[in-house]
Each structure stands twice: as structure tokens, then as C-alpha cells.
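J.: Going by the UniProt record's numbering, the first residue of the sequence shown is number 1, and it counts up by one from there.
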Amino acid sequence: MGKVTIIDHPLIKHKISLLRDENTGTRDFRILVEEIAMLMGYEALRDLPTELVSVKTPITTADVPMLSGKKLAVVPILRAGLGMVNGILALVPSAKVGHIGLYRDEVTHEPHEYFCKLPENIDERLVILPDPMLATGGSAITAVDFIKQRGCTNIKFMCVIAAPEGLEALKKAHPDIDIYVGSLDEKLNENAYIVPGLGDAGDRIFGTK
Ligand code: URA
């Protein structure tokens, strides 16, 4: 059974509040998303396995814990998920990176795949799936579907802001995955934007409209 973690940390709260401000420009927005992803990654990777390895210090030889070489993949949901990748890679620089391209139909809000390229042996990896906004849950559910279809069983989804509707839908569709949320907001509006949210994360990361 997966678990849902609403991360309760003043640094993350502060940085998310800065993201929400409509006066925060592209450069700062991008940096903040990366920083939040790193702080959330620190929490999400808390259970990475370690093993004892013998190391010779200047004083003696000791058996000390090191990451046990578990294979990782970061698979952002395009395009906004890209903004979180470097923050996670700062923690695990040798992780492989895949991409899942989904776009949201403006009218039906349904996700459609246009690109999917995943690292080799994805079925043996822990997959971190970042997307800043968990709105209806449609894209996240579809992305997890794709990854599971390729045999992957160890998935952690990470979002900066979630709407209760999206969180419920993702939990229901994929109760086995771990979900990390920076802030659980109030609701979705009639255009499937999160309230209070921060607007369109992709546009704000990339400076598009
Ligand atoms: N995607 C976004 O970027 N923002 C929202 O509020 C909802 C979906």
C-alpha cells in the first residue's frame, strides 16, 4: 500500500507562497520550483536502502552506510515536470531521466500522450514522477499507467500543489504508489485550475502564455 505525505516544512511552505505570488517572475519561479523539488526529494528519498561498506578513514577502517546502488529514474511529466528535474538530480546525480509527454485537452481536460521515452530496465528502477500541479489527476494517472505497463512497480509521485479532487483520484486509481505533496489546496475551479494555486505552472516556469 502506498502512502500520501503532505510535507510539513516551513522552507517548503515559504517557497510555495512565493510561487503563488503573481508578481514572481520567470527566473525566480524556476529557481523556486527547483529548490522545492530538491527539498521534497530529500523527504521522498528518505527510505532509500543503504548497505555497509568498508572505508579506510585517516584514523581506522570502519563499516559505514552508503546508498546500496538502487537504480533510480526521474520521469517528469512534460512540460511542467521538467522544472523539478534538476532539483531532484541535485540529490541523486546519477539517476537516469525519462520523459512522458501529455497534453491536456482544453475542452475535456482529458490527458493525451504525445511522447514517452523511458530509461532501460525501468521495471527494476525506483521511478520518481514529478509534476508541479496535481489538478484533476488525469495526467498523473495516465503517466503512472504507462510506467506500470512497462513493468515498474516502485513509483513515487511528487507534486508541489495538489487539489483534493486530484489527490483522491490518483489514490483511487493507484493506491500502491507513494504520493508527496507540497501543499494540499482548496479545490479546482470550473477550468480545472487549482484554487488558490499558482496559475499555469508550465507557463510560469518557461515564461510562455
Ligand atoms: N495545471 C497547472 O499548471 N495549474 C493548475 O492550476 C492546474 C493544472
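Just so it is clear, CB atoms sit at the ideal spot from N, CA and C, and this is done for glycine as well. All of these numbers come straight from a predicted model, not from anything done at the bench.
Relative to the alpha-carbon of residue 103, which residue among 16, 186, 209 and 202 has its alpha-carbon at the smallest distance?
T.: Nearest option by C-alpha distance: 202.
J.: With a CB to CB cut of under 6 Å and the five nearest residues on each side skipped, what residues in its chain are close to residue 137?
T.: Excluding positions up to five away in sequence, the list reads 166, 169 and 170.
J.: Quick check on this structure: which residue in 119, 113 and 126 has the alpha carbon closest to the alpha carbon of residue 70?
T.: Nearest option by C-alpha distance: 126.
J.: Would you say residue 42 touches ligand 1, meaning its beta carbon is less than 7 Å from a heavy atom?
T.: Checking every heavy atom of ligand 1 against the Cβ of residue 42, none is found closer than 7 Å.
J.: Answer with buried or exposed for residue 114, where buried requires no fewer than 16 other C-beta atoms within 10 angstroms of its C-beta.
T.: With fewer than 16 other Cβ atoms within 10 Å, it is exposed.
J.: For the beta strand (DSSP E) that residue 113 lies in, which residues bound it at each end?
T.: Run containing residue 113: 111 to 117, per the beta strand (DSSP E) assignment.
J.: For residue 105, which residues in the same chain have their Cβ closer than 7 Å to its Cβ, ignoring the five residues on either side in sequence?
T.: Only 112 meet the Cβ criterion.
J.: If residue 176 and residue 1 are in contact, beta carbons under 8 Å, what's the gap, nearest whole angstrom?
T.: 7 Å between Cβ atoms; contact.
J.: Cutting at 7 Å between CB atoms, please list the residues of its own chain near residue 109, excluding the five before and the five after it.
T.: Hits under 7 Å: 136, 138 and 192.
J.: Do residue 39 and residue 9 have their C-beta atoms closer together than 8 Å?
T.: Yes, the Cβ-Cβ distance between residue 39 and residue 9 is below 8 Å.
J.: Which of helix, strand or coil does DSSP assign to residue 144?
T.: DSSP places residue 144 in helix when its eight states are reduced to three.
J.: With distances taken from CA atoms, which of 122, 37 and 159 is nearest residue 151?
T.: With distances taken between Cα atoms, residue 151 lies closest to 122.
J.: Report whether the distance from the Cβ of residue 192 to the nearest heavy atom of ligand 1 is below 7 Å.
T.: Checking the Cβ of residue 192 against ligand 1 gives yes.
J.: Below 8 Å on the Cβ atoms is my contact criterion, and I expect residue 74 with residue 95 to pass it. Report the Cβ-Cβ distance as a whole number of Å.
T.: Indeed, because the Cβ distance is near 5 Å, the residues count as touching under 8 Å.
J.: Out of 189, 156 and 188, state which residue places its alpha-carbon closest to the alpha-carbon of residue 174.
T.: Comparing Cα positions, the closest option is 156.
J.: Taking 7 Å as the cut-off, is the C-beta of residue 66 nearer than that to any heavy atom in ligand 1?
T.: Outside the cutoff, so no.
J.: Out of curiosity, what's the CA-to-CA distance linking residue 20 and residue 182?
T.: Looking at the two C-alpha atoms, the distance is approximately 13 Å.
J.: Measuring alpha carbon to alpha carbon, tell me which of 87, 88, 124 and 131 ends up nearest residue 101.
T.: Per the Cα distances, 131.
J.: For residue 79, which residues of its own chain have a beta-carbon under 6 Å away from its beta-carbon, when the five flanking residues on both sides are left out?
T.: 202.
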